[in-house]
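Participant: One structure follows; several queries about it will come next.
There are 2 protein chains.
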Amino acid sequence: MNVKYIEKLRNSGLRPTKQRLQICDVLFETKKTFHFTIYDLAKKIQKQTNFDISLATIYNTVHAFEKKGYLKQIPINTNQTYFDTNITDHHHFFDLKEEKLIDLDDCDVGPINIKKKINGKKIKSVEVLVKLED
Amino acid sequence: MNVKYIEKLRNSGLRPTKQRLQICDVLFETKKTFHFTIYDLAKKIQKQTNFDISLATIYNTVHAFEKKGYLKQIPINTNQTYFDTNITDHHHFFDLKEEKLIDLDDCDVGPINIKKKINGKKIKSVEVLVKLED
DNA sequence: ACACTTTTTTAGAATCATTATAAACTAAAA
DNA sequence: TTTTAGTTTATAATGATTCTAAAAAAGTGT
Ligand SMILES: [Mn+2]
Ligand SMILES: [Mn+2]
Ligand SMILES: [Zn+2]
Ligand SMILES: [Zn+2]
């Protein structure tokens, strides 16, 4: 069960520690992908686990995973940073009342063609954020 | 010169104080619209003015103007909040290296048609963020 | 198993953008 | 002018995030 994460971590040059494997389990061992803040994740880990992981380690691990491309950061203006376990190119609804992110499939949004070019720069990502109100 | 801002503020239920008029001057008395952080704005005010405005007032005023729709907040993940004096519907490049926002005209991005609907919610805004790298 | 190196974890402190407080001030209303 | 409500400001508080440095764990070679 853990073997795949041990491999994944090793292949990324990250040592498969108890903490990282636990975090992998919480993040990736689910049917559905999800959006979370560091605080959300810390709570989820506490619920699913006996041993606590320090907040510093959670921050470190999430950033390491983001750098490796196993997590994405969602650009949104809130006091906390949102992450996404869905690393495919996709867009989001943001429910302003509930402060919840909802995935939009690519087919929910037409293809986006950016006509403007900036000299010497290339496009890294194109993300649509649709804010929802009641 | 200030008369139009005095009117604008009065019509918004905001008293036209010396500070607010000064901030209006810095924000809206320019040919081109621009993007800024609170820190940027504070520096700009210092340069253009003799009397200093307290940081608290700058925060209060920017938020008041945002609430009235005279400024927009740009959804982006940085340690500071970005605002925009261009309140028309438009999208952005974000130059990751320079940490600078660049406007995209509506014609630079095709029309975006969100097909998915969420029960009881309506779309407030649709914003595209295009990240640029070298 | 053991010695040695490198990476990781962690508690706690530091940072820093933003927000709250509450007293002094100012604009508008009566 | 007096009163009222709104505004400014210095200062403190908040809170998410990052930093620090020491202890622990993992990997490597023998
Ligand atoms: Mn990050
Ligand atoms: Mn705001
Ligand atoms: Zn998502
Ligand atoms: Zn803009």
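Order-wise, the sequence lines are chains A and B. Going left to right, the first sequence walks through residues 1 to 134 as the numbering used here numbers them. Going left to right, the second sequence walks through residues 1001 to 1134 as the numbering used here numbers them. Glycine included, C-beta positions come from ideal geometry on N, C-alpha and C.
For the stretch 60 to 82 of chain A, which residues have a CB atom closer than 7 Å to at least one CB atom of chain B, in sequence order?
Facilitator: If the cut-off is 7 Å between Cβ atoms, the stretch 60 to 82 of chain A has Q73, P75, I76, N77, T81 near chain B.
Participant: Are the beta-carbon atoms belonging to Y1082 (chain B) and T1037 (chain B) less than 7 Å from one another?
Facilitator: Working through the second sequence from its first residue, we reach residue 1082 (chain B) at position 82. Working through the second sequence from its first residue, we reach residue 1037 (chain B) at position 37. For Y1082 (chain B) and T1037 (chain B), yes; Cβs fall inside 7 Å.
Participant: Is there contact between the stretch 1120 to 1129 of chain B and the stretch 1046 to 1065 of chain B, where contact requires at least three CB pairs shorter than 8 Å?
Facilitator: No, they do not touch.
Participant: With a threshold of 7 Å between beta carbons, is I114 (chain A) in contact with chain B?
Facilitator: Stepping through the first sequence from its first residue, residue 114 (chain A) is reached at position 114. Yes - at least one Cβ of chain B is within 7 Å of the one on I114 (chain A).
Participant: Beta carbon of I112 (chain A), beta carbon of F94 (chain A): below 7 Å?
Facilitator: For the purposes of this step, residue 112 (chain A) is identified with residue 112 of the first sequence, where counting begins at 1. For the purposes of this step, residue 94 (chain A) is identified with residue 94 of the first sequence, where counting begins at 1. No, Cβ-Cβ distance for I112 (chain A) and F94 (chain A) is not below 7 Å.
Participant: Output, in chain order, the set of chain B residues within a Cβ distance shorter than 8 Å of F36 (chain A).
Facilitator: Against the first sequence, residue 36 (chain A) aligns to sequence position 36. Chain B residues near F36 (chain A): none, gap ~14 Å exceeds 8 Å.
Participant: Taking D1040 (chain B) as the reference, give the member of B:H1091, B:Q1080, B:K1097, B:E1007 with the closest Cα.
Facilitator: As a position in the second sequence, residue 1040 (chain B) is number 40, starting the count at 1. It is B:Q1080 whose Cα lies nearest to the Cα of D1040 (chain B).
Participant: Using the DSSP secondary-structure output, state which residues sit across from L132 (chain A) in a beta bridge.
Facilitator: By one-based count along the first sequence, residue 132 (chain A) stands at place 132. L132 (chain A) pairs with A:D95, B:I1123.
Participant: With distances taken Cα to Cα, identify the nearest neighbour of L1009 (chain B) among B:E1066, B:F1034, B:F1051, B:K1044.
Facilitator: On the second sequence, position 9 is the one that residue 1009 (chain B) refers to. Of B:E1066, B:F1034, B:F1051, B:K1044, the residue nearest in Cα terms is B:E1066.
Participant: Are the beta-carbon atoms belonging to K1116 (chain B) and D84 (chain A) less than 7 Å from one another?
Facilitator: As a first step, residue 1116 (chain B) must be located in the second sequence, where it is residue number 116. As a first step, residue 84 (chain A) must be located in the first sequence, where it is residue number 84. Not a contact, by the Cβ cut-off of 7 Å.
Participant: Hey, would you say N1002 (chain B) sits closer than 7 Å to L1021 (chain B), going by beta carbons?
Facilitator: Working through the second sequence from its first residue, we reach residue 1002 (chain B) at position 2. Working through the second sequence from its first residue, we reach residue 1021 (chain B) at position 21. For N1002 (chain B) and L1021 (chain B), yes; Cβs fall inside 7 Å.
Participant: Since K72 (chain A) sits in a beta bridge, which residues does DSSP pair it with?
Facilitator: In the first sequence, counting from the first residue as 1, residue 72 (chain A) sits at position 72. Partner(s): A:D84.
Participant: Who's in the neighbourhood of ligand 5, going by beta-carbon under 7 Å from any heavy atom, listed in chain order?
Facilitator: This structure simply doesn't include ligand 5; it includes ligand 1, ligand 2, ligand 3 and ligand 4 instead.
Participant: Which whole-angstrom value is the C-beta distance of L1101 (chain B) and H1090 (chain B), which I expect to be below 8 Å?
Facilitator: As a position in the second sequence, residue 1101 (chain B) is number 101, starting the count at 1. As a position in the second sequence, residue 1090 (chain B) is number 90, starting the count at 1. L1101 (chain B) to H1090 (chain B), Cβ: 11 Å. No contact.
Participant: In chain B, which residues lie with their C-beta within 9 Å of the C-beta of D95 (chain A)?
Facilitator: If you number the first sequence from 1, residue 95 (chain A) lands on position 95. By Cβ distance, chain B contributes I1118, K1121.
Participant: How about V1003 (chain B): is its C-beta nearer than 7 Å to some C-beta of chain A?
Facilitator: Against the second sequence, residue 1003 (chain B) aligns to sequence position 3. Chain A contact via Cβ: absent.
Participant: Which value, in whole angstroms, describes the spacing of the CA atoms of N1086 (chain B) and I1074 (chain B)?
Facilitator: Numbered from its first residue, the second sequence carries residue 1086 (chain B) at position 86. Numbered from its first residue, the second sequence carries residue 1074 (chain B) at position 74. Looking at the two C-alpha atoms, the distance is approximately 11 Å.
Participant: Does V109 (chain A) have its Cβ less than 7 Å from a Cβ in chain B?
Facilitator: Within the first sequence, the letter at position 109 stands for residue 109 (chain A). Chain B contact via Cβ: present.
Participant: For the stretch 1002 to 1030 of chain B, enumerate the residues whose C-beta is nearer than 8 Å to any C-beta of chain A, in chain order.
Facilitator: Under the 8 Å Cβ criterion, the stretch 1002 to 1030 of chain B contributes no residue.
Participant: Measuring only between beta-carbons, confirm whether A1098 (chain B) sits less than 7 Å from chain A.
Facilitator: Taking the first residue of the second sequence as 1, we reach residue 1098 (chain B) at position 98. Here the sequence assigns Glu to residue 1098 (chain B), which means Ala is not the residue at that position. So, not an interface residue.
Participant: Exposed or buried, which one is L55 (chain A) when buried takes at least 16 other CB atoms within 10 Å?
Facilitator: To locate residue 55 (chain A), count along the first sequence from 1; it is residue 55. It is exposed - the Cβ of L55 (chain A) has fewer than 16 other Cβ atoms within 10 Å.
Participant: Who are the neighbours of I1102 (chain B) on chain A, taking C-beta pairs under 8 Å?
Facilitator: Start at 1 with the first residue of the second sequence, and residue 1102 (chain B) comes out as number 102. Residues of chain A passing the Cβ test: I118.
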